[in-house]
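All residue numbers for the sequence shown refer to the numbering used here, where the first residue is 45 and numbers rise by one. Below is one structure, written out as structure tokens; comments come after it.
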Amino acid sequence: MTEFDIKVYESLKKLGVDFSAGLRLGAAVSGGADSVCLLLSLCELSREYGFKLFVVNVNHNLREAGETDGDSAFVKDLCLRLAGDGVNLEFIGQVILRGKLESIADERGGGIEDAARSERYKIFENVIASHFLDFLCLAHNQNDLLETALMRFLQGSFTEKYAVAARRAKFLRPLLGISRAEIEEYLRAAGQDWRTDSTNADDSYLRNNIRLNLLPLLDEKFAGWKSGVLKGLEKSELDGQLIEEAVEKAFKETESNKDSVLIPLDLLKGLSSAVKVRLLYKVCNQICGEQRIPFAFIKDVCRAAASSSFASKRYKNIEISCKNGHIIVKKSVKTQTDFTFSVIIEEDGNYEFDFGNLEVKKAPDGRILLFWEEKLLASNLTLPLLLRSALLTDEVETKDGSMKKVSDVFSDWHLSESERGHIPLVQELSSKNQRICCILGEVLGFDNWIVK
């Protein structure tokens, strides 16, 4: 075995793998450099210790048929060659029907990448169960760890989400301490080629944008940044363990059934803000499935809960109310897939909406100032204002004075159809052409589009 294989072996031992002849170890292999490297190294360990290896390949059907089918064929052919060389190996090919991931993304209100990850892990779970696997290895490496940390920071995730766990249940990531450069060096030494996903060059995807544009800048301008981030990830993981324990302890005091969760109001009020917010996220995702929930919505629920009574608040299929000393979280009966709204604001004051608080202030010189969640959006408006959901014909002014379709802005943000109806627009009714002066993208975690 090479020095690289020994590093993989030691990583797996540290993660709890018992290398015996009875071990049933899986590996998820896409055909890319990382997973092909993982496969070759695990094959060396299989030869050394006599265990059987199960190779899982998932065809997501997101790219051209020739490319995505070619990736799967490459992995299958490689497995046949390795088996012919004496490795005790079984290939398991899985296919996701074309169009399914797009439908899931639209239904859940997340992007294609999120939908693909969700379906891929469902397949992995099924393979683990049906083939009685002890573990399934994933090929995330140190570069992925850094990219994920930066991506989640830029998305405003909780700090404990920055790190990628080396082990989660039966999923193992033995390459997290190994760089992409080491991986490619290993493959070149073995004379092994790999497949390259054509979408890796598309920087409209956030992860690709970070890899192609941000990482080179950090490498050039900030020597030693990788070491600093990796140390920070270790620390945030420790913090995350403490927070998770507190959230789980609080969750045990809630009452759950098939359709709702009841949180004692006194319990919620007694929690720290950090635990309170995470408990609400956990409950919402348990009842309504994993989805992107605006932080502004959760903060609004926390503010309202402090008053001990509020009318129901909704976001998509989530409904939260306060009754009889409990916060009740349940699935909304009313579907909001085709959600639309329209409110005219004719005077200054505070206005409360499901997505947060909007404040209209009148300056001494008569100008109208617009705030959302205490953040100044615009400072030179005139009343009345119209707050509404977007229409297909809407256009908004860009920095250079040209006009852009609002639907194109939403496409740039990779919003699903169901999400688009939840982004508020602010329209100045007294202005020429009743211009759109603001797109409140921050409601779903994007930058606000402000027309100066």
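Every residue gets a Cβ at the ideal spot worked out from N, C-alpha and C, and that includes glycine. Keep in mind that this is a model prediction, so the values were computed, not measured.
So for Phe-266, helix, strand or coil by DSSP? coil
For His-458, which residues of its own chain have a beta-carbon under 7 Å away from its beta-carbon, when the five flanking residues on both sides are left out? The residues are Gly-155.
Between Gly-485 and the rest of its own chain, which residues show a CB-CB distance below 7 Å, the 5 nearest in sequence each way excluded? Trp-457, Ile-467, Asp-491, Asn-492 and Trp-493
Terminal residues of the beta strand (DSSP E) in which Tyr-395 lies: 393-397
Counting C-beta neighbours from all protein chains within 10 Å, is the total for Ala-207 16 or more, i.e. buried, or is it exposed? It is buried - the Cβ of Ala-207 has at least 16 other Cβ atoms within 10 Å.
Work out the CA separation of Arg-68 and Val-244 for me, nearest whole Å. The question names Val, but residue 244 is Asn in the sequence shown. Roughly 32 Å between the two C-alpha positions.
Distance, Cα to Cα, Val-99 vs Leu-198? 34 Å
Let me check one thing: in DSSP terms, what residues is Cys-181 bridge-paired to? Ala-71 and Leu-216
Where does Ser-316 sit, in a helix, a strand or coil, going by DSSP? coil
Rounded to the nearest angstrom, what separates Gly-489 and Ile-337 at their Cα positions? 9 Å
So which of Gly-110, Arg-125 and Ile-140 has the shortest CA-CA distance to Leu-133? Out of Gly-110, Arg-125 and Ile-140, Arg-125 has the C-alpha closest to the C-alpha of Leu-133.
Nearest neighbour of Arg-91, chosen from Ala-65, Lys-58, Gly-70 and Val-131 [CA to CA]: Val-131
Which two residues bound the contiguous beta strand (DSSP E) that contains Phe-415? 412-416
Just verifying my parser: in three-state terms, what is the DSSP assignment at Leu-141? coil
Check whether the segment 244-259 touches the segment 145-152, taking contact to mean three or more Cβ pairs, one atom from each stretch, closer than 8 Å. no
Tell me the DSSP bridge mates of Ala-434? The partner list for Ala-434 (beta bridge, DSSP) is empty, contrary to what the question assumes.
Cβ neighbours of Glu-157 in the same chain (closer than 8 Å, five flanking residues each side left out): Tyr-249 and Arg-251
Less than 8 Å between the beta carbons of Ala-340 and Val-487, yes or no? yes
What is the residue span of the alpha helix (DSSP H) that Glu-363 lies within? Looking at the DSSP string, Glu-363 is not in any alpha helix (DSSP H); the run it does join, the beta strand (DSSP E), is 362-367.
Give every residue of the same chain whose Cβ lies closer than 8 Å to the Cβ of Val-319, excluding the five residues on either side of it in the sequence, and list them in chain order. Ile-287, Ala-290, Val-291 and Ala-294
Helix, strand or coil: which one does DSSP assign to Ser-206? The sequence as given places Tyr at residue 206; Ser does not occur at that position. If DSSP states are grouped into helix, strand and coil, Tyr-206 belongs with coil.
Please classify Gly-155: does DSSP put it in a helix, a strand, or coil? coil
In or out: Gln-527 buried (at least 16 other Cβ within 10 Å) or exposed? A query on residue 527 cannot be resolved here, the shown segment of the chain reaching from 45 to 496 and no further.
Would you kindly check if the distance between the Cβ of Gly-110 and the Cβ of Ala-65 is under 8 Å? no
Taking buried to mean at least 16 other C-beta atoms within 10 Å of its own C-beta, is Pro-218 buried or exposed? Label assigned to Pro-218: buried.
Cβ contact (3+ pairs, closer than 8 Å) linking the segment 323-331 and the segment 402-413: Result no; under three Cβ-Cβ pairs closer than 8 Å.
Between the Cα of Leu-194 and those of Phe-179, Lys-375 and Trp-269, spot the shortest distance and give me the residue it belongs to. Trp-269
What do you reckon, are the CB atoms on Ser-352 and Leu-315 nearer than 8 Å? No, the Cβ-Cβ distance between Ser-352 and Leu-315 is not below 8 Å.
So, at 7 Å on beta carbons, what are the nonlocal neighbours of Asn-394 in its own chain, with the 5 sequence-adjacent residues on each side left out? Asn-401 and Glu-403
Bridge partners of Ser-300, per DSSP? Val-305
Between the C-alpha atoms of Val-61 and Cys-481, what's the straight-line distance to the nearest angstrom? 58 Å
Alpha carbon to alpha carbon, how far is Leu-177 from Ser-85? Approximately 18 Å between the Cα atoms of the pair.
Three-state secondary structure assigned by DSSP to Gly-348: The sequence given here places Ala at residue 348; Gly does not occur at that position. Of the three classes helix, strand and coil, the one that applies to Ala-348 here is helix, per DSSP.
Would the segment 72-85 count as touching the segment 180-194 if we require 3 or more Cβ pairs under 8 Å? yes
Beta carbon of Arg-479, beta carbon of Val-495: below 8 Å? Yes, the pair counts as a contact, with Cβ atoms nearer than the cut-off.
Rounded to whole angstroms, what's the CA-CA distance from Lys-326 to Ser-365? Just pull it up for me. 16 Å
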